[in-house]
Amino acid sequence: MTAQTALLDKAPQFKHSRPVRDSASRSRRIKYTLTVLAFLLPSAIPLTLFVLGPMVAAAWVSLNQWNLLGPLKFVGFGNYIRLLQDPQTGAVFLHTVYYIVGYLPLVYFGGLALALALNTALKGRSLLRGIYFLPVITSWIVVALVWRWLLSPSNGIVNTALAMVGIHGPGWWTDPAWSLPSIILASAWKDLGFVMVILLAGLQAIPTDVYDAAKVDGAGPWRRLISVTLPLLSPSTFFVIVISLVNGFQVFDQIYAMTGGGPNGSSESVVEQIYDFTFRYGRAGDASALSWMLFIVILAVTLIQIRGQKRWVTYG
140 MTAQTALLDK APQFKHSRPV RDSASRSRRI KYTLTVLAFL LPSAIPLTLF VLGPMVAAAW
200 VSLNQWNLLG PLKFVGFGNY IRLLQDPQTG AVFLHTVYYI VGYLPLVYFG GLALALALNT
260 ALKGRSLLRG IYFLPVITSW IVVALVWRWL LSPSNGIVNT ALAMVGIHGP GWWTDPAWSL
320 PSIILASAWK DLGFVMVILL AGLQAIPTDV YDAAKVDGAG PWRRLISVTL PLLSPSTFFV
380 IVISLVNGFQ VFDQIYAMTG GGPNGSSESV VEQIYDFTFR YGRAGDASAL SWMLFIVILA
440 VTLIQIRGQK RWVTYG
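Below, the structure is given as structure tokens:
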């Protein structure tokens with residue numbers, strides 16, 4: 140045996156510690172995961188029971204014919220094919236898009252005007268903010284009754300005021316051509332306060348130094364609005380547009396309360412059609428299929444907005 144071999148034999152032998160470290164790291168990850176799940180359980184349980192569970196159930200029902208009483212009859216994608224071939228499906232989607240196209244500009248620009256006005260040193264602005272927000276927390280039944288009276292063709296305040304200036308008012312919610320505009324007006328009036336609060340919060344988050352610098356550069360009020368306010372307000376605008384579009388696609392309460400989808404189905408929306416399929420005609424399978432079709436449309440529109448926000452939304 141050589142001297143070098145003897146020294147190697149006498150050298151201390153160290154065991155590999157990677158398995159021990161891996162085991163400890165895995166244990167910490169499991170403990171962390173269980174801790175996170177424990178904190179998420181209070182919200183995850185109702186989310187699963189009242190959102191994810193019904194969605195899965197609706198997906199299964201959409202593949203069946205069911206009248207809510209008898210047994211389910213599996214038909215595969217027959218409900219979807221029938222709905223896609225039904226002209227009424229296209230009509231209710233068209234009514235919903237019509238509602239959104241009329242509602243979104245009104246509620247956004249109206250809310251923006253209120254937010255800009257109430258962001259100034261206006262006397263009594265706190266009281267005005269509360270007054271403008273009051274319709275948001277008012278029941279749609281109350282709002283619908285008020286607007287049905289305001290837009291009554293015979294003795295409504297709106298047509299009476301129009302008659303004073305020599306204008307013959309339309310039939311509003313009793314006229315197929317004016318039923319959706321009536322609902323759009325009522326909806327925009329009710330939701331103005333919500334949009335106002337969101338945009339007002341965004342306005343108050345804009346640093347005053349930016350406006351001071353713009354004034355030094357000679358920018359007037361209109362230029363400051365276009366070049367400073369709107370770009371820096373774009374995150375709030377993006378939020379308002381996403382929420383308003385999602386709510387617009389799901390419009391139901393105001394239609395059900397004001398017109399019931401009439402007259403002659405002229406104001407029937409997608410959700411109104413889902414309600415009719417389920418509770419009037421006993422076609423729960425078609426209703427579930429239409430619900431999933433609506434969900435896919437909303438998801439696609441929302442994803443497009445999220446992908447497109449990089450082009451116009453300014454953060455920071």
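For the sequence shown, our numbering gives the first residue as 140, with consecutive numbering after it. All C-beta atoms in this analysis are idealised placements derived from N, C-alpha and C, irrespective of residue type, glycine included. Remember, it's a predicted structure, so these values are computed and weren't measured experimentally.
Enclosing alpha helix (DSSP H) for residue 425 [first to last residue]: Residue mapping note: residue 425 aligns to position 286 of the sequence shown, counting from 1. Run containing residue 425: 423 to 447, per the alpha helix (DSSP H) assignment.
Whether residue 423 touches residue 207 by CB criterion (8 Å): Counted from its first residue, the sequence shown places residue 423 at position 284. Counted from its first residue, the sequence shown places residue 207 at position 68. Yes, the Cβ-Cβ distance between residue 423 and residue 207 is below 8 Å.
Residue burial classification, residue 412 (beta-carbon count within 10 angstroms, cutoff 16): Numbered from its first residue, the sequence shown carries residue 412 at position 273. Buried, since its Cβ has 16 or more Cβ neighbours within 10 Å.
Would you kindly check if the distance between the Cβ of residue 405 and the Cβ of residue 315 is under 8 Å? Numbered from 1 along the sequence shown, position 176 holds the residue referred to as residue 315. Numbered from 1 along the sequence shown, position 266 holds the residue referred to as residue 405. Note that the C-beta distance between residue 315 and residue 405 is below 8 Å.
Look at the Cβ atom of residue 345, then the Cβ atom of residue 319, and state whether they are nearer than 8 Å. For the purposes of this step, residue 345 is taken as the residue at position 206 of the sequence shown. For the purposes of this step, residue 319 is taken as the residue at position 180 of the sequence shown. Not closer than 8 Å, so no.
Span of the alpha helix (DSSP H) around residue 218: Numbered from its first residue, the sequence shown carries residue 218 at position 79. Run containing residue 218: 217 to 224, per the alpha helix (DSSP H) assignment.
If we ignore side chains and look at the alpha-carbon of each, how far apart do residue 257 and residue 221 end up? To locate residue 257, count along the sequence shown from 1; it is residue 118. To locate residue 221, count along the sequence shown from 1; it is residue 82. Roughly 51 Å separates the two Cα atoms.
Can you tell me where the alpha helix (DSSP H) with residue 298 in it begins and where it stops? Within the sequence shown, residue 298 is the residue found at index 159, counting from 1. Note, residue 298: alpha helix (DSSP H), 296 to 303.
Could you give the C-beta distance for residue 397 and residue 325, rounded to a whole number, given that I count them as a contact under 8 Å? The count along the sequence shown starts at 1 and reaches residue 397 at position 258. The count along the sequence shown starts at 1 and reaches residue 325 at position 186. About 7 Å; that satisfies the 8 Å criterion.
Return yes when the Cβ of residue 388 is within less than 8 Å of the Cβ of residue 235, no when it is not. Taking the first residue of the sequence shown as position 1, residue 235 is located at position 96. Taking the first residue of the sequence shown as position 1, residue 388 is located at position 249. For residue 235 and residue 388, yes; Cβs fall inside 8 Å.
I'd like to confirm the pairing. Which residues does DSSP put opposite residue 213 in its beta bridges? Locating residue 213 in the sequence shown gives position 74, counting from the first residue. Looking at the DSSP output, residue 213 shares a beta bridge with 203.
To the nearest angstrom, how far is it from the Cα of residue 288 to the Cα of residue 295? The sequence position of residue 288 within the sequence shown is 149, counting from 1. The sequence position of residue 295 within the sequence shown is 156, counting from 1. C-alpha separation (whole angstroms): 6 Å.
With 16 other CB atoms within 10 Å as the buried threshold, where does residue 449 fall? In the sequence shown, the residue the question calls residue 449 occupies position 310. Looking at its Cβ environment, which holds fewer than 16 other Cβ atoms inside 10 Å, residue 449 is exposed.
Hey, could you find the ends of the alpha helix (DSSP H) residue 354 is sitting in? The residue labelled residue 354 in the question sits at position 215 within the sequence shown. Note, residue 354: alpha helix (DSSP H), 347 to 355.
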